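In what follows, a structure is listed as structure tokens, so that the remarks can point back to it.
Residue numbers (the numbering used here), protein chains in the order written: chain A, 3 to 194; chain B, 7 to 477.
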């Protein structure tokens with residue numbers, strides 16, 4: 003994975019709360035055996051009408067959304083299904099971070115494994131960003147802060163997740179390096 | 007020694023490397039369940055990195071999400087070539103990595119969360135993961151069971167471990183006796199309505215109290231299954247004699263002296279007196295009513311006799327907008343009673359409610375009655391074993407005689423990947439777990455309810471109270 007230290011990008015705002023992963027990518031797109039090319043299915047049922055044409059009013063379809071790299075969403079983003087296709091689709095579309103006041107556990111874990119930075123802000127900072135679509139933001143992993151015009155807000159990020167993101171390390175490599183400890187645990191478990 | 011909760015005991019027993027400020031815990035996984043949709047990319051990673059499956063004997067696979075449930079459907083005689091390719095890929099991966107697979111058409115096949123328990127592979131004190139959020143189901147046995155993404159499926163295949171930060175605990179205490187017509191499904195819908203769809207985030211729920219103790223294993227699985235709908239990492243219920251009696255009848259639970267040893271360890275699992283939870287909620291089980299959802303997440307639920315809430319009465323702007331959007335999607339009016347709402351489809355199935363007791367419940371309402379004209383009713387057993395058990399009791403005849411479809415086992419209309427789906431605008435009463443927009447088919451509208459309530463709706467052609475039919 004590519005190391006991520008800072009993200010400088012414009013936002014798209016999707017203000018709804020409780021956006022579930024079935025909306026992020028509907029189940030009918032999960033028959034793939036690949037990880038790539040899912041950006042076109044992102045928010046498919048909200049983004050396209052019944053004839054497959056983009057709905058102009060949907061935030062991702064508006065001209066200023068083109069090239070945006072940060073999705074600002076309502077509370078409890080990514081609830082529901084554990085499908086990793088959700089962060090795959092967001093990344094494939096071009097998002098590098100998701101900002102909310104809370105993010106569902108499994109989605110957050112999946113996002114971290116795909117270089118999609120989950121940024122949880124306090125309610126006040128979250129409200130400000132919800133109210134300013136298209137804002138230019140800087141997300142700094144070193145300082146764990148998000149900065150926008152007139153706003154600097156800290157966000158929590160697990161030290162290990164941060165280390166992995168900033169150094170482009172994936173967790174599988176770390177786990178494989180634990181194999182001696184796993185051997186020892188299994189031997190002890192057998193003896194119990 | 008410090009008093010510990012059930013969760014803490016299971017957690018402590020599986021820590022390979024403890025968590026520190028810098029690194030999460032390395033947690034050992036006893037049982038890894040695999041299905042066709044969330045695994046192919048994980049197996050690809052193993053091949054890319056030249057890794058093997060560390061413990062094939064702790065890994066078990068089945069086909070459930072993308073398979074057809076059409077009666078009599080043959081293996082891979084599947085209309086959707088992409089689904090067929092995905093199923094073939096699972097077969098190839100299981101053959102290459104030496105994993106036990108319960109393929110379409112075999113006796114062990116079924117929804118992943120139905121077959122683990124019925125085989126006796128789901129056991130108290132175990133850690134269980136699967137690339138599926140409803141893995142929380144297995145917590146009904148006092149296991150720590152949670153859903154993971156495809157990357158973590160790869161982690162577990164390669165190392166039999168996951169990296170985890172220890173969750174907080176939330177005790178959900180339900181005391182009192184459930185009234186007739188009130189089921190485990192109603193109990194869990196009431197819990198989610200109370201704590202909210204994000205209320206369990208970061209927490210493992212432990213369900214306690216006399217109403218929970220009185221539940222059968224199948225009902226406990228229904229409760230734990232929907233823990234994820236409250237955002238919880240997992241849901242757990244302490245094992246007791248109900249658990250042990252269930253397990254004793256399963257083919258792959260320990261036998262003989264191994265059973266005696268296992269039983270002794272299982273009996274030590276319940277939370278110690280005085281063990282502290284981070285949070286607690288209490289619910290009066292004797293006051294619960296049959297529940298039904300009206301919106302587009304499982305927390306938007308009401309007692310069956312309730313009326314659709316009015317967004318104008320909600321002070322919080324985000325919550326108000328969310329309800330307005332849900333009611334637009336559902337095409338329901340504020341103040342409208344839910345009883346009497348016309349419906350088009352009834353779905354009885356899913357990892358929430360497709361076990362034999364669920365089918366018996368639905369059959370008790372449908373026996374000697376007819377499905378209302380114009381209503382399509384799908385009954386989808388959770389596994390081939392459940393299907394055969396139901397047929398041995400004659401339940402298939404009850405459903406067929408009533409005019410319902412008796413189908414092959416699979417996830418079916420819960421996830422609508424396999425052709426079993428709603429048409430745009432249709433209303434369904436469904437025993438599944440998610441009423442999200444489009445979950446049961448693009449544009450479809452879902453009311454979540456118990457098998458009893460679903461069967462009553464099948465007969466009435468509208469949302470109806472099963473207690474009225476019982477009289």
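In this text, a Cβ means the ideal position worked out from N, Cα and C, and glycines have one as well. Every value quoted in this text rests on a predicted model; they were computed, and no experiment measured them.
Chain-ordered residues of the segment 109 to 122 of chain A with a beta carbon less than 8 Å from chain B: 111, 112, 115, 116
Mind listing, in chain order, the continuous alpha helix (DSSP H) runs of no fewer than 4 residues lying wholly within the segment 302 to 338 of chain B? 323 to 336
Assign residue 5/B to buried or exposed, taking buried as 16 or more other Cβ atoms, counted over all protein chains shown, within 10 Å of its Cβ. Outside the shown range of chain B, which is 7 to 477, sits residue 5/B, and nothing can be said about it.
Residues bridged to residue 147/A [DSSP beta-bridge criterion]: DSSP lists 142/A, 156/A as partners of residue 147/A.
Taking a Cβ distance cut-off of 8 Å, strictly less, list which residues of the segment 357 to 370 of chain B are near chain A, in chain order. none
Taking 9 Å as the CB-CB cut-off, is residue 234/B touching chain A? yes
Please classify residue 154/A as buried or exposed, where buried requires at least 16 neighbouring CB atoms within 10 angstroms. exposed
Closest Cβ-Cβ distance between residue 100/B and chain A: below 9 Å? no
Do the segment 279 to 292 of chain B and the segment 246 to 266 of chain B make contact, defined as three or more Cβ pairs closer than 8 Å? no
With a 10 Å radius around its C-beta and 16 neighbouring C-beta atoms as the bar for buried, classify residue 100/B as buried or exposed. Buried, by the Cβ-count rule.
What separation, rounded to the nearest whole angstrom, lies between the Cα atoms of residue 105/B and residue 162/B? 13 Å
Pull out every residue of the segment 4 to 20 of chain A whose Cβ sits closer than 9 Å to any Cβ of chain B, in chain order. 17, 18, 19, 20
Nearest-angstrom Cα distance between residue 96/B and residue 267/B? 36 Å
Residues that residue 134/A contacts on chain B, provided the C-beta gap is smaller than 7 Å: Those within 7 Å of residue 134/A in chain B number zero; the least Cβ separation is about 16 Å.
Between residue 404/B and the rest of its own chain, which residues show a CB-CB distance below 7 Å, the 5 nearest in sequence each way excluded? 369, 372, 373
Which residues, taken in chain order from the segment 164 to 179 of chain A, show a beta carbon closer than 7 Å to some beta carbon of chain B? 173, 174, 177, 178
Step through the CB atoms of chain A and report whether any lies within less than 9 Å of the CB of residue 34/B. yes
Under 9 Å, do residue 304/B and residue 232/B count as touching if we go by C-beta distance? yes
C-alpha distance - residue 38/A paired with residue 151/A, whole-angstrom precision: 34 Å
DSSP has residue 35/A in a bridge; who is on the other side? In the DSSP output, where bridge partners are listed per residue, residue 35/A has none listed.
Residue 142/A: which of 113/A, 120/A, 42/A sits nearest, CA to CA? 120/A
For residue 193/A, does the count of other Cβ atoms within 10 angstroms reach 16, so buried, or fall short, so exposed? exposed
Taking only the alpha-carbon atoms, compute the straight-line gap between residue 98/A and residue 412/B and give it to the nearest angstrom. 46 Å
Is the Cβ of residue 140/A closer than 9 Å to any Cβ of chain B? No, residue 140/A does not count as interfacial toward chain B.
List the residues of chain A that residue 324/B touches, going by C-beta distances under 7 Å, in chain order. 19, 76, 77
Below 9 Å between beta carbons is the criterion; list the residues of the segment 25 to 36 of chain A that meet it against any residue of chain B, in chain order. For the segment 25 to 36 of chain A, which is checked against every Cβ of chain B, the residues closer than 9 Å are 25, 28, 29, 30, 32, 33, 34, 35, 36.
With DSSP collapsed to three states, give me the class of residue 357/B. coil
With a threshold of 6 Å on Cβ separation, who are the neighbours of residue 49/B within its own chain once the five nearest residues in sequence on each side are excluded? Result list for residue 49/B: 99, in chain order.
Within 8 Å, do at least three Cβ pairs link the segment 419 to 438 of chain B to the segment 209 to 219 of chain B? no
On a Cα-Cα basis, can you pick out the residue from 4/A, 5/A, 10/A, 3/A that is closest to residue 147/A? 10/A
Inside the segment 111 to 187 of chain B only - beta strand (DSSP E) runs reaching at least 3 residues: Counting only runs of 3 or more, we get 133 to 136, 150 to 153, 167 to 170, 174 to 181.
Positions along the segment 114 to 146 of chain B whose CB lies within less than 7 Å of some CB in chain A: 137, 138, 139
Distance check for residue 106/A and residue 171/B, CA to CA, integer angstroms please. 15 Å
Short CB-CB distance (under 9 Å) between residue 162/A and chain B: yes
By how many angstroms is the C-alpha of residue 26/B removed from the C-alpha of residue 112/B? In this structure, the CA atom of residue 112/B is about 45 Å from the CA atom of residue 26/B.
What in chain B is Cβ-close to residue 81/A, meaning under 7 Å? 203, 204, 237
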